[in-house]
Amino acid sequence: MHLELDGRGPLQSQLVRALKEAVLSGRVAQGVRFPPTRALAQQLQVSRNTVLAAYEQLRAEGFMQGRVGSGSYVATPIVPAVPAPAAPERLEPTSDYIRRLRACHDHTRMPGRRIEGTRYSFQYGVPFTNPLLTSAWARALSHAALYTPPTYPTAHGNPALRAAACEYVAHRRGVIATPDDVIIVAGTQQAINLTARVLLDPGDAAVIEEPQYFATREALYTHGARLVPVPIDREGLRADRLPRTPPRLICVTPSHQFPTGRLMSLQRRLALLDYARRHDCWIFEDDYDGEFRYDAQPHAALRSLDECGRVIYVGSFSKVLFPSLRLGYIVVPPALRDDFISAKWVDDFGSPAIEQAALAQFMADGSFERHLRRTGKTLKQRRTALLEGLREHCGEYLEIEDSHAGMHLLVWLRGRNAAQGEALIAHASRRALGLYSIAPYYLHAPDRAGLLMGFGAMSVTEIGEAAKLFGECLRETAP
């Protein structure tokens, strides 16, 4: 019997596939005797145990039958497989949800994904990596794995972690809540998806900032919301431009607007809360990295001013620790508490219990606060290095929007339109420098070149070298 192994995976699996193909293609007819195991092992230069295991699997699947004292034979009846028609590369979607998802999302071209082949990358959304954090987290995780019950977690989260989150937001963000108000979720993205499911029907209006975080926009659009962009200026969301016909939901990043980094003024915050109260709508507050502010204490969250229970406050542990953690929290108004817990249960029964227990202990023993202090100090040094490097090597070409917070800066390229900005990004990529456009964060992008410049993932030295290279690229592509 002539067999060819395909080289994919364990030898036993290769042999099973080869024997099945020989039977199903008709090259080996029903009733034909298979070679003895020793002979086949010698022919293929594999161990006899490999052949014995493959034969045993074929018997279990009905391809082979044994006859005492005679050997193993092709089982009867075996119907040769009819070649299936080639599957289409893309089936027609079966739901409106998938049609909307396809219209707005392409996972192969995500904004902000690291550009391949770059030595330096101003990629944003990548946090500062601290070896001390890695070792401390490993210890917390190991301890939690030993003592966490192997049962399903509660849908709204580990009680100790919810209590720790309450203390944290009260101390850091001025948000007063009880553990019952907190739901542990898989990051901000699950938070916006749950909010859409609880509050919105397809066709309902949802206000978003212009520009805005693309993943929030896509989640709302895919759910079927009618997006209403409202522009921002130096004081944040233009409350005077909110629609006359009230939306069901308003999504804002007031403490550090993404992507511009601007801070919503007190007057605008009060006007927004008043609008929500008068028009019976809800506010989704994404406080994605409000912990890191470099010129003063972090501003209190919008939720801290909410006296009418209209703000759904969302924070993320993933941003301040590491994205792979996938843990965040929602502080929900009492009127929505049970609905959010039910929606969370339907979605995934609850976030991973071991990670929640580890994080609760990590916060309780002070490790979390120590990490925030170290990270804030390091990020401030890197931000300073970036600002100094840009002013030294690129000053005449840029307008820098310095937000005094977060892990990235927004810079506008003087005298360049959007197409010239894309040409610069392509040129920089050939010089092994990763640059990232602001355009994907607009529903209607201006014809102006802007870049988001993340500084969390590079050292001070690397930032200086990257800024110098950026200046060279700007001069080489000057209009």
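Going by full-length UniProt numbering, the first residue of the sequence shown is number 1, and it counts up by one from there.
Positions of the beta carbon are idealized from the N, C-alpha and C atoms, including for glycine.
Measuring only between beta-carbons, confirm whether residue i sits less than 8 angstroms from chain D.
{"i": "G328", "result": "The structure shown has no chain D; it contains just one protein chain."}
Measuring CA to CA, which of the options is closest to residue i?
{"i": "G203", "options": "D96, N158, R278 and A18", "result": "D96"}
{"i": "L266", "options": "L302, R99, Y288 and A353", "result": "L302"}
{"i": "A219", "options": "Q190, V228, R238 and D233", "result": "Q190"}
{"i": "L11", "options": "T50, F292 and F34", "result": "T50"}
{"i": "C394", "options": "A439, I438 and L469", "result": "L469"}
{"i": "E392", "options": "K380, D339, R416 and E472", "result": "E472"}
{"i": "Y152", "options": "R109, T384, S437 and S351", "result": "S351"}
{"i": "H371", "options": "V46, G31 and L132", "result": "L132"}
{"i": "T216", "options": "D201, L249, A75 and R241", "result": "L249"}
{"i": "L413", "options": "V207, Y397, T108 and R293", "result": "Y397"}
{"i": "E369", "options": "P229, H171 and A423", "result": "H171"}
{"i": "L305", "options": "A271, P93 and A60", "result": "A271"}
{"i": "S437", "options": "A385, P259, D295 and F340", "result": "P259"}
{"i": "V126", "options": "P254, Q212 and T375", "result": "T375"}
{"i": "R293", "options": "R373, R67 and E476", "result": "R373"}
{"i": "E422", "options": "E399, T477, E388 and K377", "result": "T477"}
{"i": "V207", "options": "D201, L387 and V228", "result": "V228"}
{"i": "Y275", "options": "S255, T253, D295 and R238", "result": "R238"}
{"i": "R99", "options": "D295, R269, Y221 and E355", "result": "Y221"}
{"i": "F340", "options": "H223, R67, A364 and L199", "result": "L199"}
{"i": "E307", "options": "R269, V320 and S342", "result": "R269"}
{"i": "G62", "options": "P93, S47 and L19", "result": "L19"}
{"i": "V320", "options": "P440, T134 and A343", "result": "T134"}
Could you tell me how far apart the beta carbons of residue i and residue j are, in whole angstroms, since I believe they sit closer than 8 angstroms?
{"i": "M264", "j": "G236", "result": "3 angstroms"}
{"i": "Q231", "j": "E210", "result": "Per the sequence shown, the amino acid found at residue 231 is Pro instead of Gln. Their Cβ separation, rounded to whole angstroms, is 5 angstroms, which keeps P231 and E210 in contact under 8 angstroms."}
{"i": "F214", "j": "C251", "result": "With a Cβ gap of about 12 angstroms, F214 and C251 do not count as contacting."}
{"i": "T118", "j": "G434", "result": "4 angstroms"}
{"i": "L44", "j": "L3", "result": "7 angstroms"}
{"i": "S382", "j": "G456", "result": "Before going further, note that residue 382 is Arg rather than Ser in the sequence given. Correct: roughly 7 angstroms between the Cβ atoms."}
{"i": "R33", "j": "G71", "result": "5 angstroms"}
{"i": "L410", "j": "L452", "result": "6 angstroms"}
{"i": "V74", "j": "G31", "result": "6 angstroms"}
{"i": "Q42", "j": "G454", "result": "Contact doesn't hold; Cβ gap of about 60 angstroms is too wide."}
{"i": "P35", "j": "M1", "result": "5 angstroms"}
What's the gap between the Cα of residue i and the Cα of residue j?
{"i": "P150", "j": "L141", "result": "15 angstroms"}
{"i": "Y442", "j": "G26", "result": "59 angstroms"}
{"i": "V460", "j": "W137", "result": "25 angstroms"}
{"i": "W282", "j": "R234", "result": "24 angstroms"}
{"i": "F322", "j": "A29", "result": "58 angstroms"}
{"i": "R277", "j": "P479", "result": "50 angstroms"}
{"i": "G157", "j": "A353", "result": "8 angstroms"}
{"i": "R226", "j": "A205", "result": "5 angstroms"}
{"i": "P246", "j": "D280", "result": "8 angstroms"}
{"i": "A300", "j": "G174", "result": "5 angstroms"}
{"i": "V182", "j": "V332", "result": "6 angstroms"}
{"i": "K380", "j": "D6", "result": "55 angstroms"}
{"i": "D402", "j": "D338", "result": "41 angstroms"}
{"i": "R431", "j": "Y120", "result": "10 angstroms"}
{"i": "M458", "j": "Q420", "result": "26 angstroms"}
{"i": "S318", "j": "N417", "result": "35 angstroms"}
{"i": "D240", "j": "A385", "result": "38 angstroms"}
{"i": "Q257", "j": "A160", "result": "31 angstroms"}
{"i": "G366", "j": "L387", "result": "32 angstroms"}
{"i": "A155", "j": "L24", "result": "49 angstroms"}
{"i": "P179", "j": "P334", "result": "11 angstroms"}
{"i": "E355", "j": "A145", "result": "8 angstroms"}
{"i": "Q212", "j": "S255", "result": "14 angstroms"}
{"i": "A364", "j": "K377", "result": "22 angstroms"}
{"i": "H147", "j": "R139", "result": "The sequence given here has Tyr at residue 147, not His. Their backbone Cα atoms lie some 13 angstroms apart in a straight line."}
{"i": "P440", "j": "M110", "result": "9 angstroms"}
Can we count residue i as close to the ligand SAH, meaning its CB is less than 7 angstroms from some heavy atom?
{"i": "F258", "result": "Among the ligands in the structure shown, none appear at all, so the ligand SAH cannot be discussed."}
**Given 8 angstroms, three or more beta-carbon pairs between the segment 183–195 and the segment 311–318** = Between the segment 183–195 and the segment 311–318 there are three or more inter-stretch CB-CB distances shorter than 8 angstroms, so the stretches are counted as touching.
**Request:** At 3 residues or longer, and completely inside the segment 243–274: list those beta strand (DSSP E) runs for me, N to C.
**Result:** Segments of the beta strand (DSSP E) lying fully in the segment 243–274: 249–252.
**Asked** Can you give, in chain order, each stretch of the alpha helix (DSSP H) that sits fully within the segment 140–214 and has at least 4 residues?
**Response** List check, alpha helix (DSSP H) in window: 159–173 and 187–199.
**Item:** Inside the segment 92–121 only - alpha helix (DSSP H) runs reaching at least 4 residues
**Value:** The qualifying runs are 96–104.
**Item:** Inter-stretch contact at 8 angstroms, needing at least 3 Cβ pairs: the segment 419–438 / the segment 458–465
**Value:** Result no; under three Cβ-Cβ pairs closer than 8 angstroms.
**Prompt:** Can we say the segment 447–464 touches the segment 101–110, given the rule of at least three CB pairs closer than 8 angstroms?
**Reply:** No contact exists between the segment 447–464 and the segment 101–110.
**Prompt:** For the 8 angstroms Cβ check, are there 3 or more pairs between the segment 46–55 and the segment 9–25?
**Reply:** Contact between the segment 46–55 and the segment 9–25 is established, with three or more Cβ pairs separated by less than 8 angstroms.
**Asked** Taking one C-beta from the segment 278–290 and one from the segment 402–409 each time, how about it: are there three or more such pairs within less than 8 angstroms?
**Response** Output reads yes: the segment 402–409 touches the segment 278–290.
**Message:** Can you confirm whether the segment 109–116 touches the segment 327–337 when touching is taken to mean that 3 or more C-beta pairs between the two stretches lie within less than 8 angstroms?
**Reply:** With contact defined as three or more Cβ pairs closer than 8 angstroms, the segment 327–337 and the segment 109–116 are not in contact.
**Asked** Touch check for the segment 160–168 and the segment 352–364: three-plus C-beta pairs under 8 angstroms?
**Response** Segments in contact, yes.
**Message:** So, does the segment 170–189 touch the segment 338–348, judging by three or more C-beta pairs under 8 angstroms?
**Reply:** They touch, by the three-pair rule.
**Item:** In chain order, each beta strand (DSSP E) run of at least 3 residues that lies wholly inside the segment 430–474
**Value:** For the segment 430–474, whole beta strand (DSSP E) runs of length 3 or above, ordered along the chain, are 450–454.
**Request:** Entirely within the segment 347–384 and at least 4 residues each: give me those alpha helix (DSSP H) ranges in chain order.
**Result:** Taking only runs of at least 4 residues, the alpha helix (DSSP H) segments lying wholly in the segment 347–384 are 353–364.
**beta strand (DSSP E) segments (min. 3 residues) lying fully within the UniProt domain "HTH gntR-type" (9–77)** = Qualifying beta strand (DSSP E) stretches, in chain order: 64–67 and 71–74.
**Request:** Just list the alpha helix (DSSP H) runs in the segment 308–339, keeping only unbroken ones of 4 residues or longer that don't cross its boundaries, in chain order.
**Result:** Positions of the alpha helix (DSSP H) runs, each at least 4 residues long and wholly inside the segment 308–339, are given as 317–320 in order along the chain.
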